[in-house]
Amino acid sequence: MTTTRRRWRIPGGRVRLGWLGLAPFAAYLAVFFVLPSVLVLFSAFRRVDPDTGVHSFTLQNWSDSLHGAYLKGLENSIQLAAVTAVISAVLGLVLAYAISTSRRPFFKQLVSTSSAVLANFGGLPLAFLFVAVLGSAGVLTSTVQSLFGLSLQDDLHFSLFSIRGVELVYLYFLIPLMVLVITPALEGIRPQWREAAENLGATGWQYWRWVAAPVLLPNVLGSTVLLFCGSLSAFATASALTNGTLAIVPLQIDTAVSGNVLVGQENLAAALALNMIVIVVPLTLIYQLLQKRTTTWLR
Amino acid sequence: MTAEPAVATIEGTRVEYLDVTRVFGATRALDGFTLQIEPGELLALLGPSGCGKTTALRLLAGFDQLSSGQLLIDGRDVSRQPVNKRDMGMVFQSYSLFPTMSARDNVGFGLRLRGASTSDRRRRAGELLELVGLSAHTEKYPHQMSGGQQQRVALARALAIQPRVLLLDEPLSALDAKVRTQLRDEIRRIQLELGVTTVFVTHDQEEALSMADRVGVMRAGQLEQCDAPSVLYQRPATPFVAEFVGTMNHLPGVVRDGSTVQVGDQSVPADGQVPLSGTAVSVLARPEAVLVEASVEGDAVVQVATFFGAVTRLRMLRSDGVELLADVSSHRAGELAPGTRVAVSLVDRPVLVRTPSS
Amino acid sequence: MVAVTSVAAGSANPPEVVTSRASRRRLRPWRGLILAVAALYFVGPVLAAFWFSIHNSHTGIDFHAYTGFFSAQGFGTAFRMSLLLGLATVLITLILMVPTMLLVHLRYPRARAWVETFSLLPLVIPPVALVVGVRDIISFTGEDRFLGTPVATVMNFLQGNQPWLLSLLYVVMALPFTYRALDAGLRGSSVTTLVEAARNLGASWPVVVWRVVLPTLRTSVLNAGLLAFALVLGEYTMAKILNFSPFPVWLARFGDTDGQLQVGLSLLSLALTWVLLLTIAGVAGRAPGTARFPFRRRTS
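Protein chains in written order, with the working numbering: chain W, 60 to 358; chain Y, 472 to 829; chain F, 12 to 311.
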C-alpha cells in the first residue's frame, strides 16, 4: 500500500509551509490535553501557604494521598477494578464467543451497537436504571420482598449503594466492553486452524489447549488490563449511584475539588489524580504491547 | 537437494468414492460422484468454482458428511469416522499454520498428539523440514516466513503424521507465479519419493496437467472425465472438457462419409463417433493444430499476435466471419504480423467433431 | 502483502464454508443457554426500569415520565445546553480533524504515526484526572493579575451561560473515536489512489478536495460527528466536576424530585444513543469500501 503513495512535486518553500497545516492540531492538543495533564503533575507537588500565598514544592500532598482514608480509597478502587475486570473478562469472553459463532450479520451488528452504547456512553443512565431495579423502591427489590418476604438489604445483605452494588452495575458496562475488544481477536481465529488441528488428530479440547488458547491469551490478558483501567477511571456510575459517598479514588477527587472549603485541597486532588495516572499509563502500554503481539499473529 | 530419502516412504492407499452425493439445502454439491484413486497416485480434481471439487476433498478429510453413497479407503468404509481419527494429511489454501508455534512445532504437532517423545518429534520434524528444503528455518514463526515457505511447512506438517492420503486444497493459489511453479515441482518430487496417495484440488488447469498422474474434470457435482493429462487434452470426452482444458477452435464442417469431415476445402479424418454423412458439424481443433501460411490468396487476416515466448498466438478472422486461433513458432511471427493475409488449414490428424447442438 | 492480494485475485473459489457445521451442532445447546442468560441480564433491567418508570403503587400506570419532562424544572435549559455543546463539539472536531487527517493521509504520511498516537492518548488519562488540571488552569487564569486582560475575557466567555469550555474539552475526549472513524474512512476508500487519479486527470488541489475527497468521506465524517455528539449528550464527569449543568448533570440532580422521571429519561437517553450508533452502523454498512467503525474503547 505504502509504495503506491507518491510525493507530488511541490516547490520547497510550500512543503515547509504545509507542515503548518498540522499546527492547529498540535496546538489544540497542547492547550487542552498536554497542559492540563502536566498541571496535574505540577500541582501534585505544590503547596500554597495560606497566609502568605507563596507557592512551594512539597511531597506532602502525595504522602497524604497514600495515607488514611485516601489509602483506603485507593485500595478500594484497585480491588473494585480488579474484581470487575476479571469477572467481566471471563463472562465477556464466553459471551463474545457465543456471539461470534453466529452467522447472522444483523444479530452481530445489533450486539456490537448495543455493546458500544453500554460500554462507551452508558455511565450515568445505567446508575438510574439499576436504582429502578435494585434500589430501595426498585422493581426487583419489591418483588423479592412481596414474593419471598425477604429484604435485599437486611436479609440478603445486598445494597446497591455499597461497593458490591457498584461492582454489579460496573459489570453491566464492562462485559459489553469486553465483548467489543475481544470480538476482533475471536474472529481473527481462522477456521483453518481448527480444521488443520482436527486433521492432524486433535480433539476439540486439544485444539483449544494447544492452538486457540495460546493465540487468544495475550489478547485476553490485554483486554483484562483495559477493563481494569476502564473500571478504575469510571466516575459517573459510582458518583450518581452513591451520591459521591463511596470511598474510591475518582469520587475522592471530586469531593476534594468540589468541596473547595479547605485551601490545598486542589493540590491533594492533583496528587490523587496523579496516582490514577501512574497506575493507568503503564497498564495501557502493557495493553498496547499485548495487542500488538496478537496483531502479528492474526495478520 | 536431498540425496537420500530421509523420510520413510508411506504405504499408498486406495480411495474409492462410490455414488457419493452431498446435498446442501437445494444444491447438490456432489451428485452421484464415483471415482477410484489408485495407491500412490497423484490425482488432481479440476473444475470451475462450485463444481464440487472442494466438497469431494472435504468429505474425504471428514470435515463434512456424505448425504448418500460410500467412501472407501482400502476397501473399508470411512464415512462414519471422525476427522481426527482419519489420518489424512491436509494442506490448506493458506494461513493454516498455527501462529504461536515455530515451524518445527507446527510440523511436530501431529506427532505430539500421538504421544511421540520430544526428541522423536524434533528429529522427525527436522527430517521433514529438510525434505521440503527449510532446514534453515526450523525456529521461525509463520509470520516471519513467506507464503511459499509457509506452504512448505504446511506440507511437512501434513506428511509428518504419515497420512493415509495427502489432501491438497489449492495449496498454491495464494502464491505468486514463480514460487507456484517451483513448489509445484517440489510437491510432485516429494510425492513420488514418498509414494503417498494424493488428491489435489485446483482450478488451475496448468497445475493439474503438469503435476497429476490423472486429472478428474468436474462439473456440477459430477465427474466429466478422469484420465491422464495427455488423454484429457487430446481426446476430451465431452464438449465441456474440450472447452475447459486448453483452448479450442470451432470450425464449421460437413461430414463426408463415416470417417472424414470436410472443413473448408480440406478433408480431414474424424475421430470417434461421427454423425451421418451430410450433417453440419463443429470441428474442434487446438491452436497448435492450425497451420498458417502467409498468402495473398488466403481468405483470413491476422488480427492480433500475442507473444508467449517460444510460440506466438495469432488471432485471425476468416472472410466468412469465423475467428481462429493458431500457435506458431515465434521465429515465424515476423512474417505473420497483424494485417497479413494468410491461408489457414488443419494438421492432417484425426479431429473431434460435434453436432453444433451438443 | 503480495500473498494476501493474490489470494483475493487467484481464488475464484472461496472455500465453501461448510466448516463447522458439525461442531456448531455440538455447541448449539450451551450457546443458546449463554445467549439466553445474557439477554436476560441485559434486557431484564431495562424492562424492569421501564416498568418502574410507568408504574406507581398509588396511582397505577401513567406515562408522565415520557410526556412530562419538557415541563420539568430546568430540563429545557439543561437539554438546550447539551445540544449546543454537542453541536459546538462536532463543529470544532470536524474543523480541526478533517483538514489534519487529509494532510496526514495525502501529504505527510510520516506524520501519521504521531497524529494517531496523540489522538488516542486521551484514552490514557482518565477524564476525572484530566479535569483536575483543567481546574488548575481555571483558577490560575482567575487570579487577580489577569483581571481586565483578554485572558480573563476569554475565560469568562468560555464559562458563561453556555460553558463552551466543555466543548473544547469534549473535542479532546472524543478524539480517539473521531480519529478512528475518519481514519477508517480514509483507509477504506483508498483516498490516496483517488487523489492520484484526479490529479493525474488534471484537477487542482481545491477541486480534488472538494469534488473527490470530501464526497467519499461523507459517511466517515458523519460517523465522527455522530460519535462526538453521542459522547457529549452523555458526558457527566467533566461537567459535574467543573460545576456546569448540562443534561446529564441535571438528570443526576433531579433524582430527588422525581425518581420515575429520572429513570424514564435515563432510558430515553440510552435509546437515543443507541439510535445514533445504529445510524452509524447502518450508514457504514450501506457504503461499500467504508470500513466498519470499531466502537472499541471507552473514554469515561
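Here a beta-carbon is modelled for each residue, glycine too, at the ideal position from N, C-alpha and C. The structure presented is a predicted model; accordingly, all values stated were derived computationally and were not measured.
Buried/exposed call for residue i, threshold 16 Cβ in 10 Å
i: residue 126 of chain W; result: exposed
i: residue 174 of chain W; result: buried
i: residue 242 of chain W; result: buried
i: residue 360 of chain W; result: Nothing can be reported for residue 360 of chain W: it is not among the residues displayed for chain W, which extend from 60 to 358.
i: residue 131 of chain W; result: exposed
i: residue 831 of chain Y; result: With chain Y covering only 472 through 829, there is no way to say anything about residue 831 of chain Y.
i: residue 32 of chain F; result: In this prediction, residue 32 of chain F scores a pLDDT of 46, lower than 50, which makes its location untrustworthy; no coordinate-derived value is stated.
i: residue 382 of chain W; result: There is no way to answer for residue 382 of chain W, as the model of chain W reaches only from 60 to 358.
i: residue 311 of chain W; result: buried
i: residue 252 of chain W; result: buried
i: residue 586 of chain Y; result: exposed
i: residue 167 of chain F; result: exposed
i: residue 78 of chain W; result: exposed
i: residue 182 of chain W; result: buried
Residues that residue i contacts on chain W, provided the C-beta gap is smaller than 7 Å
i: residue 554 of chain Y; result: 257, 258
i: residue 571 of chain Y; result: 273, 274, 356
i: residue 110 of chain F; result: 80
i: residue 72 of chain F; result: In chain order: nothing, as chain W lies at least about 13 Å away.
i: residue 585 of chain Y; result: 260
i: residue 581 of chain Y; result: 259, 260
i: residue 136 of chain F; result: 96, 336
is_contact[residue i, chain Y] using C-beta, thresh 8 Å
i: residue 264 of chain W; result: no
i: residue 273 of chain W; result: yes
i: residue 267 of chain W; result: no
i: residue 355 of chain W; result: yes
i: residue 270 of chain W; result: yes
i: residue 134 of chain W; result: no
i: residue 254 of chain W; result: yes
For residue i, the three-state DSSP class (helix, strand or coil)
i: residue 34 of chain F; result: Low local confidence applies: a pLDDT of 48 at residue 34 of chain F is under 50, so the model's placement there is unreliable, with the coordinate-based value given in what follows. Three-state DSSP puts residue 34 of chain F in a helix.
i: residue 288 of chain W; result: helix
i: residue 563 of chain Y; result: coil
i: residue 657 of chain Y; result: helix
i: residue 92 of chain W; result: helix
i: residue 495 of chain Y; result: strand
i: residue 254 of chain F; result: coil
i: residue 791 of chain Y; result: coil
i: residue 689 of chain Y; result: strand
i: residue 159 of chain F; result: coil
i: residue 72 of chain F; result: strand
i: residue 672 of chain Y; result: strand
i: residue 591 of chain Y; result: helix
i: residue 210 of chain F; result: helix
Listed by chain order, chain F residues near residue i by CB distance under 7 Å
i: residue 209 of chain W; result: By Cβ distance, chain F contributes nothing, its closest Cβ being about 17 Å from residue 209 of chain W, past 7 Å.
i: residue 87 of chain W; result: 107
i: residue 154 of chain W; result: 45, 49
Under 8 Å by beta carbon: chain W residues contacting residue i
i: residue 57 of chain F; result: 188
i: residue 632 of chain Y; result: 259, 260
Proximity test, Cβ basis, 8 Å: residue i and chain W
i: residue 566 of chain Y; result: yes
i: residue 19 of chain F; result: Low per-residue confidence applies at residue 19 of chain F: pLDDT is 27, beneath 50, and the placement is therefore not dependable, though the value from the model is reported in the following sentence. By this cut-off, residue 19 of chain F is not an interface position.
i: residue 495 of chain Y; result: no
i: residue 682 of chain Y; result: no
Cutoff 8 Å: residue i Cβ touching any chain F Cβ
i: residue 339 of chain W; result: yes
i: residue 109 of chain W; result: no
i: residue 83 of chain W; result: yes
i: residue 226 of chain W; result: no
Test: residue i CB closer than 8 Å to a CB of chain A
i: residue 722 of chain Y; result: Here the protein chains are W, Y and F, and chain A is not one of them.
Closer than 9 Å at the beta carbon, the chain W residues around residue i
i: residue 597 of chain Y; result: Within 9 Å Cβ-Cβ: nothing; residue 597 of chain Y doesn't reach chain W, min ~18 Å.
- [ ] Can you give me, in chain order, the residues of the segment 234-251 of chain W that have a beta carbon less than 7 Å from any beta carbon in chain F?
- [x] Only those residues of the segment 234-251 of chain W whose C-beta falls short of 7 Å from the nearest C-beta of chain F are listed: 236, 239, 240, 250.
- [ ] Quick one: which residues of the segment 204-223 of chain F get their C-beta closer than 8 Å to a C-beta of chain W? List them in chain order.
- [x] Taking 8 Å as the upper bound on Cβ-Cβ separation, chain W lies near residues 204, 207, 210 of the segment 204-223 of chain F.
Task: chain W contacts made by the segment 140-170 of chain F, where a contact means CB separation under 9 Å - done: So the list reads 140, 141, 142, 143, 144, 145, 146, 147, 148, 150, 151, given in the order they occur along the chain.
Open item on the list: Closer than 7 Å between beta carbons: that is the criterion. Which residues of the segment 604-623 of chain Y meet it against chain W?
Closed with: Cβ contacts with chain W come from 614.
Open item on the list: At a CB distance below 9 Å, what residues from the segment 274-292 of chain W approach chain F? Give them in sequence order.
Closed with: Correct list: 285, 288, 289, 291, 292.
Task: Residues, ordered as in the chain, of the segment 529-542 of chain Y that lie near chain W by beta-carbon distance below 7 Å - done: Closer than 7 Å at the C-beta level to chain W, one finds these residues of the segment 529-542 of chain Y: 532, 534.
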